[in-house]
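Each step along the sequence shown adds one to the number in numbering that gives the first Met the number 0, with nothing skipped, and position 103 is 102. Beta carbons: idealized from backbone N, C-alpha and C, even for Gly. Here's the structure, in structure tokens; my notes come after.
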Amino acid sequence: MRDKIIGPGSTIGILGGGQLGRMLAMEAKKMGYRVVTLDPAPDSPCGQVADEQIVASFDDVEAAVTLAGKCDVITYEFENVAVSVVERLEKIQMVHPGSRVLRFTQNRVAEKSFLQELNIGVADFDVIRGQDDLERAGEHIGLPAILKTTSGGYNGKGQYVVKDREQALSAYQRLKMSSGEELIWERFVPFVKEVSVICARTSAGEVASYPVAENIHRDNILYMSIVPARISPATEKKAREIAETIASRLGVVGVIGVEMFLMEDGSLLVNEIAPRPHNSGHYTLDACHASQFEQQLRTICGLPLASTAVLSPVVMINILGEGSGNRLDGVEKALKDPCIKLHLYGKIEAKAKRKMGHLCALVESVPEAIGRAEKAKSKLRWDERSVK
0 MRDKIIGPGS TIGILGGGQL GRMLAMEAKK MGYRVVTLDP APDSPCGQVA DEQIVASFDD
60 VEAAVTLAGK CDVITYEFEN VAVSVVERLE KIQMVHPGSR VLRFTQNRVA EKSFLQELNI
120 GVADFDVIRG QDDLERAGEH IGLPAILKTT SGGYNGKGQY VVKDREQALS AYQRLKMSSG
180 EELIWERFVP FVKEVSVICA RTSAGEVASY PVAENIHRDN ILYMSIVPAR ISPATEKKAR
240 EIAETIASRL GVVGVIGVEM FLMEDGSLLV NEIAPRPHNS GHYTLDACHA SQFEQQLRTI
300 CGLPLASTAV LSPVVMINIL GEGSGNRLDG VEKALKDPCI KLHLYGKIEA KAKRKMGHLC
360 ALVESVPEAI GRAEKAKSKL RWDERSVK
């Protein structure tokens with residue numbers, strides 16, 4: 000069923016005030032929309048560019064209802080919004096993606112079971128409800144494995160690689176103590192590459208995916224995304240088909256990011272589904288006809304999708320805080336390369352490993368783009384001066 004058209008001049012509500020909300024808000028402002036965001040942190044990255052920020056916690060139903068009254072459609076920039084809050088909002092306002100999508104993507108067991116029903120590959124897993132399940136999972140799935148919480152966690156948080164029974168018990172106790180929920184025991188898979196696909200879907204069922212990004216992580220945090228990915232055309236086609244199938248079968252109205260492992264035999268295993276724009280899709284801001292954020296805006300407003308064509312090979316590198324200061328130096332040196340595009344998120348405190356921005360190198364050769372992106376990144380340093 001097609002939603003009504005929400006045209007320019009209308010107001011977009013965003014649950015969450017981080018960098019994804021900021022980049023969505025900037026695209027919305029370019030197209031003539033107003034933006035209201037809800038986030039507990041005053042002067043949030045999104046709040047800095049929105050028309051209004053409601054300062055409140057994400058589980059504050061009254062504040063969320065206030066947001067709904069100020070806008071024509073609501074979306075979210077991170078998936079840990081309470082399903083109960085979204086369900087309440089759906090009774091009074093359009094929310095995209097809806098609560099059904101959240102129920103699957105917030106729970107790793109539900110997500111993996113859904114993928115298995117679609118005959119989409121995932122790493123073998125078992126549910127850990129109590130300590131007695133550890134031995135069964137070790138025998139059934141094997142070691143090494145990854146012990147994870149079933150919900151929450153990002154950038155490697157909420158999970159441990161375990162290589163023997165003692166490590167498994169220790170990880171179980173730490174995770175159980177912090178989360179209090181059931182856990183998931185997942186086979187450790189020796190993948191060849193990590194890849195991802197950004198996919199957009201409208202309420203009318205129109206689906207479009209972006210070219211596959213090849214991703215390199217450091218300390219469980221995305222370091223670099225490379226487009227085009229250094230994979231075969233057949234793998235490219237299969238990865239995009241998987242993402243489009245997931246978006247269609249979930250009934251997504253919005254944008255999703257699908258993380259996958261490429262195995263030695265050429266098969267693909269889905270690692271995770273993010274029901275929102277994804278870090279590995281930031282390259283679309285500079286290298287594509289339309290960014291993932293513009294597509295998110297189009298989908299939730301009932302507008303046709305734009306082209307997902309890539310206009311240039313591109314390499315994106317995340318800029319992380321170092322805990323050494325809050326002011327970024329070396330920008331003028333990094334930008335001496337005319338092929339570099341810099342994006343900063345307006346975060347005040349550059350905590351260690353915090354995502355503060357990213358840069359993209361747009362060059363006709365992927366190896367050259369990698370080299371130029373890394374050279375530009377090497378010029379940037381955080382110092383002790385405060386941002387005024």
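Does the Cβ of residue i have 16 or more other Cβ atoms within 10 Å, making it buried, or fewer, making it exposed?
| i | result |
| --- | --- |
| Ala333 | buried |
| Pro337 | exposed |
| Glu383 | exposed |
| Ala308 | exposed |
| Asp218 | exposed |
| Leu361 | buried |
Compute the Euclidean distance between the alpha carbons of residue i and residue j, then round it to the nearest angstrom.
| i | j | result |
| --- | --- | --- |
| Cys198 | Asn278 | 13 Å |
| Leu117 | Asn79 | 24 Å |
| Ser43 | Tyr75 | 14 Å |
| Thr244 | Asp125 | 24 Å |
| Pro39 | Leu168 | 36 Å |
| Gly345 | Gly320 | 12 Å |
| Ile369 | Asp58 | 41 Å |
| Glu271 | Met30 | 31 Å |
| Val48 | Gly301 | 23 Å |
| Asp285 | Tyr222 | 18 Å |
| Gln130 | Ser377 | 46 Å |
| Leu331 | Gly97 | One detail in the question is off: residue 331 reads as Glu in this sequence, not Leu. In a straight line, the C-alpha of Glu331 is about 43 Å away from that of Gly97. |
| Asp328 | Glu373 | 16 Å |
| Lys147 | Ser9 | 41 Å |
| Gly137 | Val188 | 15 Å |
For a test of the three-state rule: what should DSSP assign to residue i, helix, strand or coil?
| i | result |
| --- | --- |
| Glu331 | helix |
| Leu101 | helix |
| Gln92 | coil |
| Gly20 | helix |
| Met322 | First, the amino acid is wrong: residue 322 is Gly here, not Met. Here Gly322 sits in coil by DSSP. |
| Ala351 | coil |
| His139 | helix |
| Lys147 | strand |
| Ile5 | coil |
Once you ignore the five residues that flank residue i on each side, which residues in its own chain have a CB closer than 8 Å to its CB?
| i | result |
| --- | --- |
| Lys473 | Nothing about residue 473 can be read from this structure; the chain reaches only from 0 to 387. |
Ignore the nearest five residues each way along the sequence and tell me which others in residue i's own chain have a CB closer than 6 Å to its CB.
| i | result |
| --- | --- |
| Asn106 | Thr149 and Ser150 |
| His342 | Gly356 and His357 |
| Glu263 | Val191 |
| Ile4 | Gly301 |
Who are the near neighbours of residue i in its chain, counting only those whose CB is closer than 7 Å to its CB and skipping five residues on each side?
| i | result |
| --- | --- |
| Val386 | Caution applies to Val386, whose pLDDT of 48 falls short of 50 and renders its modelled position unreliable; the value that the coordinates give is listed next. The answer, listed in chain order, is Asn325, Arg326 and Ile347. |
| Phe113 | Phe103 |
At a cut-off of 8 Å, would you count residue i as near the ligand PLP, judging by its Cβ distance to the nearest heavy atom?
| i | result |
| --- | --- |
| Cys287 | Of the ligands one can find in the structure shown there are none, so the ligand PLP has no counterpart to examine. |
Checklist line | Completely contained beta strand (DSSP E) runs for the region 172-257, where each covers 3 or more residues | finding: Counting only unbroken stretches of 3 or more residues, the beta strand (DSSP E) elements lying wholly within the region 172-257 are 182-186, 192-200, 206-208, 212-217 and 220-226, in sequence order.
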